[in-house]
Amino acid sequence: MNPGNFHVVVGIDLVQISQVATSLHQLGDAYVNRIFTPGEIAYCSANPIVAPSRYAARFAAKEATLKALHLEDQGVDLRTIEVKQMPGGWTEIVLHGPAKDLAEAAGWSSCSVSLSHEGDYATAVVAATAARK
Amino acid sequence: MSEETVKKIRGILAEHGRLAKDIATLDDDADLYQAGMTSHASVNLMLALEGAFDIEFPDAMLRRSVFESVSAIRTAVESLTTGH
């Protein structure tokens, strides 16, 4: 790989955990099923105490991915951006369908995500290399 | 239909938009993101609109610009309710 042909793209998002908790309470399954994949739902809902913070961090990761890819106005189903919990404890972004196609078209590779939460806020940073155009 | 739709949209925005300003002080073309609506709030807004108008936003309409103002939301809702 010639480093001159690639550049680093970054996206970040911050989500208020209490707002996610309110959405879970008010909108329930309609909220969860429209935003998250079955795998994400299984992981987040496994522990009801921390479910809002887990969902909030994953929502932030999806939005951070949209920002990194410049896809905020492209009409992307958030479920096509999946945050996968790896056995070692870290997380990875897995793209499906249209999100994957758009990322490939942008020359995306080596995508990384980092999640964190403290108090009432959860945040995510997504970084990837993309082909320079 | 339009006036009734706008009134309903404004009510939903007041409940789910998490705006930093009173929706009553914003005109129909005001930028809701500039008024404090977050991306998370816009998803809640979308779900509330779907429930209130018995519609479903297709993927192609899951765009920031679709929810950026009362006028833009009205246009989207009316395009999805036409023929009902």
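As given, the protein sequences belong to chains A and B, one line each in that order.
Positions 1 to 133 (this note's numbering) are the ones given, in order, by the first sequence.
Positions 1001 to 1084 (this note's numbering) are the ones given, in order, by the second sequence.
Even glycine gets a Cβ: it sits at the ideal position worked out from N, Cα and C.
CA-to-CA, the gap between B/Leu1049 and B/Thr1005 works out to about 11 Å.
Residue pairing by DSSP places A/Tyr121 opposite A/Gln16, A/Glu118 in a beta bridge. Selection B/Asp1028, B/Asp1059, B/Thr1081 evaluated against A/Asp73 yields B/Asp1059 as nearest (Cα-Cα).
Among the residues facing chain A, B/Ser1039 is included, as its CB has a counterpart in that chain under 8 Å away. For A/Leu69, the closest alpha carbon among the candidates A/Ala122, A/Gln26, A/Leu95 is that of A/Leu95. From the beta-carbon of A/Ala30, the residues of chain B found nearer than 9 Å are Leu1047, Glu1050, Gly1051. Those residues of the stretch 71-90 of chain A placed with their C-beta closer than 9 Å to a C-beta in chain B are Glu72, Asp73, Gln74, Gly75, Val76, Asp77, Leu78, Thr80, ordered along the chain. Using a CB distance cut-off of 8 Å, B/Leu1062 counts as an interface residue toward chain A.
Look at B/Val1043: its C-beta is under 8 Å from a C-beta on chain A.
Distances from the alpha-carbon of B/Val1043 to those of A/Ser116, A/Ser45, A/Gly75, A/Ala46 put A/Gly75 closest. Cβ-Cβ distances below 7 Å link A/Tyr31 to Ser23, Leu24 in the same chain, with the five nearest sequence neighbours on each side left out; the list follows chain order.
Proximity of chain B to A/Glu63 at the Cβ level (cut-off 7 Å) is accounted for by Ser1039, in chain order.
A direct Cα-Cα distance of roughly 14 Å separates B/Val1077 from B/Gly1011. For B/Asp1059, the chain A residues whose Cβ falls inside 8 Å of its Cβ are Gly75, Val76, Asp77, Pro98, in order along the chain. Using a C-beta cut-off of 8 Å, the stretch 5-24 of chain A makes contact with the stretch 41-61 of chain A, since at least three inter-stretch Cβ pairs fall below that distance.
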